[in-house]
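Protein chains in written order, with this note's numbering: chain A, -10 to 310; chain B, 1416 to 1689. Just so it is clear, CB atoms sit at the ideal spot from N, CA and C, and this is done for glycine as well.
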Ligand SMILES: Cc1cc2nc3c(=O)[nH]c(=O)nc-3n(C[C@H](O)[C@H](O)[C@H](O)COP(=O)(O)OP(=O)(O)OC[C@H]3O[C@@H](n4cnc5c(N)ncnc54)[C@H](O)[C@@H]3O)c2cc1C
Ligand SMILES: Cc1cc2nc3c(=O)[nH]c(=O)nc-3n(C[C@H](O)[C@H](O)[C@H](O)COP(=O)(O)O)c2cc1C
Ligand code: FES
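Structure representation (structure tokens):
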């Protein structure tokens, strides 16, 4: 029996043919790779690499450590700067005019965010993702994302400059993520993205030194999934947060994605799983979501968004009993 | 014993000069993965406190203590300089083998064309052909005789080695592509499998020769490598990741790369014209 289900979702002003997007920092330095992630990989859309006003070289190697439970990276936001990267955005849109592209912005001051937002306005991007959570640089990043008033100022600046979807990417490394998210929402954010990598490190026991040249880096992959899921659940269950949430962190399979959506995510982003399952991971996850929906009697992916938020309601489903 | 990190600490067990600013060194790995090494694959060599750079083994041999890996380094900057100055016993971090190597029938005829830092990659294919009973021809080019590696010992390999130098100090005067052209004119049999690694202008010339004569050629490319495992996009040329989809690509793929011979990217991802 062939049944079909609807996989369409909408998040913060962006309509998606299915909920699986490419996360920032993985295969998005070049337009060609982003096109491949959509054409060959099957992603519904892409988030770009985080882009700053001026060119950044990133940190020295070693920049990536493979762990049994994921990855540690200290890329340090390498990017050619906004003006140069615009070419990649234009090339992507020329080839895939219908596919959403969300431009990730990395500023080190409120002024920089404002300039970045104004530059983004001129580009054919459906939304921007404000990176307030990178653990790999001294300035900006976590310094912003852990201080509610700075989150407000940065998001406000982007909101002023950019007329379409404003997504805000949060860190899990705060006492109360809802407090930070409320500031982003108050400043005009259309959606929240959670989570960025967790700051971590690796030591080589024989050389007795950190492996990463930058010493510390960001932890991603299956090992951070429980943390990401918890943050998505906290944001979605808060009565004070009413904007949608995009889940990211350790998603490798369709079942992982279903769990995030049941915790309240309207869509998901996938990064590290490109290593474990290849570029085709996006289509694989989409197919696995579809299978789950069919096997469990759902007709649309929207039906599962937030199902796990109300435990009483979830337990009353006949299928469970 | 617990789980070991992804990088193995190895030591330099032997080292010698190959020429001006070129040296070779051997390290020994205990990791089984090296038993599966395919010529053309590469390793990431971590020089503690300095950098981590991609290098192609020129050979991998099984020894009692593990896998003996031969590297040849051409000094072009800080990391390659420090690596060249290391003494025997110096510790290095090793990760690999990485990427996809040459796909060859090693019992057949293999012709390697190498220049600059591409020589080790090509040599590894000839070592394997030699061991598996194939026939090999190695064409090596450099500016001048002192910049040609392997001269002192490559004779032992049992393959036919020919040189070219821009200044004529050894072998044919001119580029290595002239040496190749000469060979194609005089002795092409039709069953040759060509492997080429070196400066991109040289590979562009080989691509054009391959098209003209219908040669079977595999190209090993160099781009800026960071993660080495196909996630960061630093090494991508026209949508192909050199570290994961390559570094070795067949002619048919090379023809699809608009950026081949034209554009490379620096550490920030910024385009640089070649
Ligand atoms: C797959 C592959 C295999 C290679 N095999 C060999 C080999 O067997 N022997 C050899 O001598 N060289 C080889 N190289 C080139 C070697 O990696 C570079 O020469 C080396 O990284 C330069 O480092 P540096 O600090 O000395 O130079 P730098 O001063 O840092 O830079 C000099 C130039 O080297 C190149 N370079 C620098 N860092 C990198 C990097 N991380 N990845 C790629 N290129 C870089 C750039 O083009 C740069 O302009 C290989 C490169 C690749 C991609
Ligand atoms: C190599 C690498 C680079 C990254 N670069 C960025 C970045 O530039 N901006 C950003 O917001 N997140 C960046 N991230 C974080 C991811 O977007 C994502 O939030 C995190 O990796 C968790 O998802 P995952 O487990 O699916 O990888 C990067 C992650 C990795 C692995
Ligand atoms: S070096 Fe990171 S993708 Fe190739």
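Under a Cβ-count criterion, where at least 16 other Cβ atoms within 10 Å of its own Cβ denotes burial, should residue i be classed as buried or exposed?
i: residue 1683 of chain B; result: buried
i: residue 1489 of chain B; result: buried
i: residue 1487 of chain B; result: buried
i: residue 1480 of chain B; result: exposed
i: residue 1670 of chain B; result: exposed
i: residue 289 of chain A; result: exposed
i: residue 32 of chain A; result: buried
i: residue 245 of chain A; result: buried
i: residue 87 of chain A; result: exposed
i: residue 1416 of chain B; result: Residue confidence for residue 1416 of chain B is low, a pLDDT of 42 falling below 50, so the modelled location carries little weight; the figure read from the coordinates is stated next. So residue 1416 of chain B counts as exposed.
Report the residue from the options whose alpha carbon sits nearest the alpha carbon of residue i.
i: residue 1430 of chain B; options: B/1538, B/1442 and B/1549; result: B/1442
i: residue 1655 of chain B; options: A/167, A/-4, A/21 and A/14; result: A/21
i: residue 1471 of chain B; options: B/1509, B/1465, B/1436 and B/1446; result: B/1509
i: residue 1680 of chain B; options: B/1648, B/1477 and B/1669; result: B/1648
i: residue 205 of chain A; options: A/7, A/63, A/-6 and A/25; result: A/63
i: residue 9 of chain A; options: A/241, A/287 and A/298; result: A/241
i: residue 1485 of chain B; options: B/1476, B/1498, B/1492 and B/1491; result: B/1476
i: residue -6 of chain A; options: A/300, A/296, A/284 and A/223; result: A/284
i: residue 40 of chain A; options: A/68, A/300 and A/207; result: A/68
i: residue 170 of chain A; options: A/231, A/105 and A/270; result: A/231
i: residue 1425 of chain B; options: B/1436, B/1438, B/1433 and B/1446; result: B/1446
i: residue 1604 of chain B; options: B/1497, B/1557, B/1628 and B/1423; result: B/1628
i: residue 109 of chain A; options: A/78, A/97, A/134 and A/137; result: A/78
i: residue 1448 of chain B; options: B/1440, B/1512, B/1437 and B/1459; result: B/1512
i: residue 172 of chain A; options: A/263, A/42, A/224 and A/43; result: A/224
i: residue 101 of chain A; options: A/143, A/44, A/264 and A/80; result: A/143
i: residue 80 of chain A; options: A/264, A/276, A/-2 and A/19; result: A/19
i: residue 43 of chain A; options: A/11, A/139, A/249 and A/94; result: A/94
i: residue 1608 of chain B; options: B/1639, B/1541, B/1577 and B/1640; result: B/1541
i: residue 1435 of chain B; options: B/1420, B/1500 and B/1462; result: B/1500
i: residue 1686 of chain B; options: A/221, A/76 and A/25; result: A/76
Taking C-beta to C-beta, are residue i and residue j nearer than 8 Å?
i: residue 1617 of chain B; j: residue 1591 of chain B; result: yes
i: residue 1666 of chain B; j: residue 1677 of chain B; result: no
i: residue 202 of chain A; j: residue 49 of chain A; result: yes
i: residue 1595 of chain B; j: residue 1528 of chain B; result: yes
i: residue 235 of chain A; j: residue 259 of chain A; result: no
i: residue 34 of chain A; j: residue 179 of chain A; result: no
i: residue 311 of chain A; j: residue 182 of chain A; result: Any question about residue 311 of chain A goes unanswered here, given that chain A covers just -10 to 310.
i: residue 1548 of chain B; j: residue 1606 of chain B; result: no
i: residue 1646 of chain B; j: residue 16 of chain A; result: yes
i: residue 150 of chain A; j: residue 103 of chain A; result: yes
i: residue 1533 of chain B; j: residue 1456 of chain B; result: no
i: residue 117 of chain A; j: residue 146 of chain A; result: no
i: residue 209 of chain A; j: residue 159 of chain A; result: no
i: residue 211 of chain A; j: residue 1467 of chain B; result: no
i: residue 120 of chain A; j: residue 226 of chain A; result: no
i: residue 264 of chain A; j: residue 1644 of chain B; result: yes
What is the rounded straight-line gap between the Cα of residue i and the Cα of residue j?
i: residue 238 of chain A; j: residue 185 of chain A; result: 7 Å
i: residue 157 of chain A; j: residue 274 of chain A; result: 24 Å
i: residue 4 of chain A; j: residue 61 of chain A; result: 32 Å
i: residue 1575 of chain B; j: residue 1551 of chain B; result: 6 Å
i: residue 89 of chain A; j: residue 27 of chain A; result: 10 Å
i: residue 266 of chain A; j: residue 30 of chain A; result: 11 Å
i: residue 1620 of chain B; j: residue 1675 of chain B; result: 12 Å
i: residue 1634 of chain B; j: residue 164 of chain A; result: 53 Å
i: residue 318 of chain A; j: residue 1520 of chain B; result: Outside the shown range of chain A, which is -10 to 310, sits residue 318 of chain A, and nothing can be said about it.
i: residue 1423 of chain B; j: residue 293 of chain A; result: 45 Å
i: residue 1367 of chain B; j: residue 1497 of chain B; result: What the structure shows of chain B is the stretch from 1416 to 1689, and residue 1367 of chain B is not part of that stretch, so it cannot be assessed.
i: residue 187 of chain A; j: residue 57 of chain A; result: 16 Å
i: residue 162 of chain A; j: residue 135 of chain A; result: 7 Å
i: residue 197 of chain A; j: residue 1506 of chain B; result: 12 Å
i: residue 193 of chain A; j: residue 55 of chain A; result: 13 Å
i: residue 282 of chain A; j: residue 247 of chain A; result: 9 Å
i: residue 1672 of chain B; j: residue 1561 of chain B; result: 34 Å
i: residue 310 of chain A; j: residue 271 of chain A; result: In this predicted model, residue 310 of chain A has a pLDDT of only 49, less than 50, meaning its place in the structure is not dependable; the value taken from the coordinates is given anyway. Roughly 32 Å between the two C-alpha positions.
i: residue 1469 of chain B; j: residue 72 of chain A; result: 30 Å
So does residue i have its beta carbon nearer than 7 Å to some heavy atom of ligand 5?
i: residue 220 of chain A; result: Absence of ligand 5 is noted for the structure shown, with ligand 1, ligand 2 and ligand 3 being the only ligands found.
Original post:
Which runs of the alpha helix (DSSP H) fall wholly inside the stretch 138 to 200 of chain A and span at least 4 residues, in chain order?
Top reply: 166 to 175
Original post:
In the stretch 225 to 307 of chain A, which residue ranges form an unbroken beta strand (DSSP E) of at least 3 residues, counting only runs that do not cross its ends?
Top reply: 234 to 237 and 254 to 259
**OP:** Jot down the residue ranges of each uninterrupted beta strand (DSSP E) in the stretch 77 to 115 of chain A, minimum 3 residues, whole runs only, in chain order.
**Re:** 90 to 94
Original post:
Which runs of the alpha helix (DSSP H), 4 residues or longer, sit entirely within the stretch 1480 to 1510 of chain B?
Top reply: 1493 to 1500
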